[in-house]
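The structure under discussion appears below in the form of structure tokens.
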């Protein structure tokens, strides 16, 4: 009977330790689940920011191309205006041109 009592105490202690280990493991698993959820959210947020940055970069590149085209167009127009100005100045300053001012 004494031996059975000792076995019972030993088994109760083992059960208590197993119960504490199970409680600790459950808490650890819940903590790991929360950490995993937090990491998933962080990854999603990072992806969303990366996607937004890529979209912004594409828009900026499009605007840059449009600005480059506008700049080239303005350079061409400036060159055409300079040619017209030079031609006009040549006509006005040519004494044989009917458009030149008559000498006083």
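In the working numbering, the protein residues as written are 4 to 107. Cβ atoms here follow ideal geometry from the backbone N, Cα and C, with glycine treated the same way. Note that the coordinates shown come from a computational prediction; the quantities given were computed from them, not determined experimentally.
As assigned by DSSP and simplified to three states, the class of residue i
| i | result |
| --- | --- |
| residue 26 | helix |
| residue 4 | coil |
| residue 48 | helix |
| residue 97 | coil |
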